[in-house]
Amino acid sequence: MSTNPKLTEKEISPTLAAGLYTQKQLSQEQFKKIATFMEKTTGIKMPDSKRTMIQSRLANRLKVLHFNDYAQYIDYVFSSSDRANEEIVMMIDLLTTNLTHFFREKPHFDFMTATVLPHLAECEIKCPAIWSAGCSSGEEPYTLSIVMKEFMAAHRGVFTDYSILATDISSRILSKAVEGLYPLESVDKLPYDIKHKYFLKSKNPDKPYAKVKNEVRQKIQFDRLNFMDSSFNIRPKKNIIFCRNVLIYFDKPTQLDVIRKLVDCLEVGGFLFLGHSETIFGSDLPIKTVSTTVFQKIKES
6 MSTNPKLTEK
16 EISPTLAAGL
26 YTQKQLSQEQ
36 FKKIATFMEK
46 TTGIKMPDSK
56 RTMIQSRLAN
66 RLKVLHFNDY
76 AQYIDYVFSS
86 SDRANEEIVM
96 MIDLLTTNLT
106 HFFREKPHFD
116 FMTATVLPHL
126 AECEIKCPAI
136 WSAGCSSGEE
146 PYTLSIVMKE
156 FMAAHRGVFT
166 DYSILATDIS
176 SRILSKAVEG
186 LYPLESVDKL
196 PYDIKHKYFL
206 KSKNPDKPYA
216 KVKNEVRQKI
226 QFDRLNFMDS
236 SFNIRPKKNI
246 IFCRNVLIYF
256 DKPTQLDVIR
266 KLVDCLEVGG
276 FLFLGHSETI
286 FGSDLPIKTV
296 STTVFQKIKE
306 S
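Residue numbering for the sequence shown follows my numbering, starting at 6 and increasing by one per position.
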């Protein structure tokens, strides 16, 4: 591979670097090693169709680490050094797909407002505890916080407060979530009153963005969690858990194992929301279906 000798390392953009290094192909054997590791460690399936994606996303790491090819990278990342362990976290971050937006699958939030929150109020739960599991870049937990604020404004005195835990496996994407900064187009389709009450618009025309207001952000605790952990150890138990469009990346046995651990973190009478393309069949879990991909925990007999 040859590059322009006049370009310094700083002058080579990540995009250009990726383009240069994708000339070094990720072999089938190398792909399988990474794919097997990802599925074992994170539960995420990496079929052969993901080979080009993996090659592209890791290309710039070769540049940063001064490696000539993927063989050197793989030897490094699967060594036992402390730096290699740090690189494994980086690799997982890069290979984790994060796609979300505010009020995604809106019927879930409508059901939460119309049915779930009134039910919790009837049960005299004064401070609902909510968990956004697989929170990605933060749109879901911020949406949940907005929903809670809207409900509490319309039903004053019903709840005294609320708390939201937001977790993801990707440290990189969690950092973005904590910032609460989003492109203006990401809030374009939100109702005007929601944008006005809960977002700030940047005054710099060269850096247009929307920032989630502190009153929404301060109710959320962000933390890293791997669904492959033997136990989530989330305490206290939650009244509402959102885990949507995450299980689709796992095989069936892993899906059931994750759901069991989620249900264990849910209070009896609490609600579990899955993505609209995700279903639970053939399980003996103490839950019942109450709406489309919404489940309520019941007492075990």
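Note that CB positions come from ideal geometry on N, CA and C, so glycine has one too.
Distance check for D74 and Y26, CA to CA, integer angstroms please. Residue 26 sits at position 21 when you count from the first residue of the sequence shown. Residue 74 sits at position 69 when you count from the first residue of the sequence shown. For Y26, the predicted model reports a pLDDT of 41, less than 50, meaning its position is unreliable and no value from the coordinates is stated.
Mapping the DSSP letters down to three states, classify T294 as helix, strand or coil. In the sequence shown, counting from the first residue as 1, residue 294 sits at position 289. Strand.
With H, G and I counted as helix, E and B as strand and the rest as coil, what does DSSP make of V94? What you label residue 94 is simply residue 89 of the sequence shown in a count that begins at 1. Three-state DSSP puts V94 in a helix.
Rounded to a whole number of angstroms, what is the C-alpha to C-alpha distance between D193 and M153? Reading the sequence shown from its first residue, position 188 is the one you call residue 193. Reading the sequence shown from its first residue, position 148 is the one you call residue 153. Straight-line Cα distance between these residues: approximately 21 Å.
Short of 6 Å in beta carbon distance, which residues of its chain neighbour I239, apart from the five on each side in sequence? Order them along the chain. Here the question's residue 239 lines up with position 234 in the sequence shown. Counting only Cβ-Cβ distances below 6 Å, and skipping sequence neighbours, we find C270.
How many Å lie between K55 and I130 at the Cα? On the sequence shown, residue 55 is found 50 positions in, with the first residue counted as 1. On the sequence shown, residue 130 is found 125 positions in, with the first residue counted as 1. So the alpha carbons of these two residues sit roughly 45 Å apart.
Less than 8 Å between the beta carbons of F247 and A76, yes or no? Numbered from its first residue, the sequence shown carries residue 247 at position 242. Numbered from its first residue, the sequence shown carries residue 76 at position 71. No; because the gap between Cβ atoms is not below 8 Å, this pair is not in contact.
Where does R222 sit, in a helix, a strand or coil, going by DSSP? One-based indexing of the sequence shown puts residue 222 at position 217. R222 carries a helical assignment under DSSP once its states are collapsed to helix, strand and coil.
Which ranges does the beta strand (DSSP E) cover as unbroken runs of at least 3 residues, wholly within the stretch 204 to 259, from first to last along the chain? The beta strand (DSSP E) runs lying completely inside the stretch 204 to 259 and spanning 3 residues or more are 204 to 206, 214 to 217, 225 to 229 and 243 to 248, given in chain order.
Would you please state the rounded distance, in angstroms, between the beta carbons of F107 and P133? I believe it to be under 8 Å. Position 102 of the sequence shown, counting from 1, holds the residue named residue 107. Position 128 of the sequence shown, counting from 1, holds the residue named residue 133. About 20 Å separates the beta carbon of F107 from that of P133, a gap too long to meet the 8 Å contact definition.
Does the Cβ-Cβ distance between Y187 and K224 come in under 8 Å? Translated into the one-based positions of the sequence shown, residue 187 becomes position 182. Translated into the one-based positions of the sequence shown, residue 224 becomes position 219. Not a contact, by the Cβ cut-off of 8 Å.
Closer than 8 Å is the cut-off here; do at least three beta carbon pairs connect the stretch 88 to 95 with the stretch 256 to 276? Too few Cβ pairs lie closer than 8 Å, so no.
Would you mind working out which of A40, I59, N219 and M58 sits nearest K50, comparing C-alpha positions? The sequence position of residue 50 within the sequence shown is 45, counting from 1. In this structure, A40 is the residue among A40, I59, N219 and M58 with its C-alpha nearest to the C-alpha of K50.
For L100 versus R62, is the C-beta spacing smaller than 8 Å? Numbered from 1 along the sequence shown, position 95 holds the residue referred to as residue 100. Numbered from 1 along the sequence shown, position 57 holds the residue referred to as residue 62. Yes, Cβ-Cβ distance for L100 and R62 is below 8 Å.
Does at least one heavy atom of the ligand FAD sit under 7 Å from the Cβ of P146? In the structure on display, the ligand FAD does not appear, and there are no ligands present to speak of.
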